[in-house]
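Positions 36 to 304 (the working numbering) are the ones given, in order, by the sequence shown. Backbone N, C-alpha and C fix where the C-beta goes; we use that ideal spot for every residue, glycine too. As the structure is a computational prediction, the values presented were derived from the model and not from experiment. A short write-up of the structure that comes next.
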Amino acid sequence: MICNELDNIVRAVQQTGQLKRIGFSVQQVNSVNAHHEVLYSECLARLVKADGTVITASEFVPALEASGYAPKLDCHMLNLAVDWLSNNANGSLGCNISTLSFSDSEPRAMLYDQLYQHRSLAPRLVLEITERSPIAKLSCTAEFVKDIRRLGYRVAVDDFGAGFSTPEAIFSMAVDIVKVDSFFVQSSSRPDADRLLHHMVGLASCVAPTIVVEGVETYNQLTLARAAGATHVQGYLLSEPTLSPIHPGLARSGGMDIGESTRNATTTS
36 MICNELDNIV RAVQQTGQLK RIGFSVQQVN SVNAHHEVLY SECLARLVKA
86 DGTVITASEF VPALEASGYA PKLDCHMLNL AVDWLSNNAN GSLGCNISTL
136 SFSDSEPRAM LYDQLYQHRS LAPRLVLEIT ERSPIAKLSC TAEFVKDIRR
186 LGYRVAVDDF GAGFSTPEAI FSMAVDIVKV DSFFVQSSSR PDADRLLHHM
236 VGLASCVAPT IVVEGVETYN QLTLARAAGA THVQGYLLSE PTLSPIHPGL
286 ARSGGMDIGE STRNATTTS
């Protein structure tokens with residue numbers, strides 16, 4: 036994506052009206068053995084442009100993080116997740132939170148207030164810490180994670196092995212779930228792929244009881260994840276998210292028609 040396009044995306048998110056164009060689709064996290072059992076469904080951000088074009092999170096979130104606007108997106112996505120959970124009593128969601136939301140006291144306080152206000156939903160909401168940016172203050176982040184878990188939320192480390200996390204960072208935080216990055220299962224053509232994935236899952240198992248292997252797209256990759264000791268998998272093989280958001284959420288109150296929300300769809304949670 037060219038620089039002008041990224042600049043336009045950043046400007047769009049800076050504007051409250053355009054922020055309302057961001058909704059989410061979901062992708063299930065399934066049990067590695069009983070595939071019908073869903074641990075939760077991860078919210079995948081979708082930006083719907085004025086002309087109806089849908090931009091996925093991988094295309095615009097890095098630009099927001101580089102520009103320092105990730106905490107604003109985090110709050111918006113968390114509001115959408117809370118809205119969805121409030122209207123889907125049996126659903127569970129995972130919501131991405133950038134490490135930038137932990138780095139300074141102001142965004143950290145705003146995030147905590149938001150989570151405290153909706154703590155009744157905590158058993159059904161997983162907070163996934165994304166690591167596209169380094170953890171600036173490890174001790175503060177570890178303490179904040181502890182505070183979040185005291186409220187009843189589960190915490191996951193996302194993209195383990197591909198982000199900025201170090202063994203020190205991983206072992207300094209008490210988390211419930213570790214998600215091993217898709218690279219380690221999608222390198223299945225390598226002769227040592229099974230051994231590499233086994234080591235990553237083993238290391239992750241020292242941190243948390245629930246280990247998710249991301250990016251599972253074939254039955255061979257599913258077999259590798261199971262053999263490595265993962266408890267759950269996530270990927271297109273068992274759950275393919277829609278491109279358009281299933282839950283535009285706050286856009287309904289903003290007068291922007293970006294599609295009907297499938298609030299009552301039981302297949303996505």
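Exercise. Out of E77, D86, L146, which has the shortest C-alpha to C-alpha gap to A92?
Worked result: Measuring from the Cα of A92, the nearest candidate turns out to be E77.
For this session: With distances taken Cα to Cα, identify the nearest neighbour of H70 among L278, I281, T266.
Result: T266
Problem set entry | Which of helix, strand or coil DSSP assigns to K214 | Annotated three-state conformation of K214 is strand, per DSSP.
Exercise. Measuring from the CB of I183, is there a heavy atom of the ligand NAP at a distance below 7 Å?
Worked result: The ligand NAP is not part of this structure, which contains no ligands at all.
Exercise. Per DSSP, which one or two residues make a beta bridge with L146?
Worked result: Per DSSP, none; premise fails for L146.
Exercise. Within 10 angstroms of its Cβ, does D227 collect 16 or more other Cβ (buried), or is it exposed?
Worked result: exposed
Exercise. Per DSSP, which one or two residues make a beta bridge with Q3?
Worked result: Since the first residue shown for the chain is 36 and the last is 304, residue 3 is missing from the structure and cannot be characterised.
Problem set entry | F219 beta carbon less than 8 Å from that of L238 | no
For this session: Could you please give me the residues that DSSP links to Y77 through a beta bridge?
Result: Note on identity: in this sequence residue 77 is Glu, with Tyr being the wrong assignment. Answer by DSSP bridge pairing, in chain order: Q62, G129.
For this session: Measure the CB-CB distance between P280 and V73 and report whether it falls below 8 Å.
Result: The answer is no: Cβ separation not under 8 Å.
Exercise. Going by alpha carbons, who is nearest to S136 out of E94, E163, N125, F195?
Worked result: E163
Exercise. How many Å lie between S240 and D86 at the Cα?
Worked result: 45 Å
Exercise. Relative to the C-alpha of G58, which residue among L113, N68, P106, Y254 is closest?
Worked result: L113
Exercise. Between which two residues does the alpha helix (DSSP H) harbouring L120 extend?
Worked result: 105-121
Exercise. Do A157 and Y188 have their CB atoms nearer than 8 Å?
Worked result: yes
For this session: Consult DSSP for R287 and reduce its assignment to one of helix, strand or coil.
Result: Since pLDDT at R287 reaches only 42, below the 50 mark, its modelled position is unreliable, and no value is offered.
Exercise. Short check: CB of R159 to CB of L120, under 8 Å?
Worked result: yes
Exercise. Using DSSP with H/G/I as helix, E/B as strand and the rest coil, what is A228?
Worked result: The three-state reading of DSSP puts A228 in helix, counting H, G and I together.
Exercise. When the distance is taken between beta carbons, is E249 closer than 8 Å to G264?
Worked result: no
For this session: Return yes when the Cβ of D211 is within less than 8 Å of the Cβ of D194, no when it is not.
Result: no
For this session: Measure the C-alpha to C-alpha separation of I183 and L150 and round it to an integer number of angstroms.
Result: The straight-line gap separating the alpha-carbon atoms of I183 and L150 is approximately 8 Å.
For this session: Return the residue from the list V251, D139, Y75 that minimises the CA-CA distance to A116.
Result: Residue Y75 is the option with its Cα nearest to A116.
For this session: Name the one or two DSSP bridge partners that A191 has.
Result: E163, I212
Exercise. If you run the structure through DSSP and keep just helix, strand and coil, what is K55?
Worked result: coil
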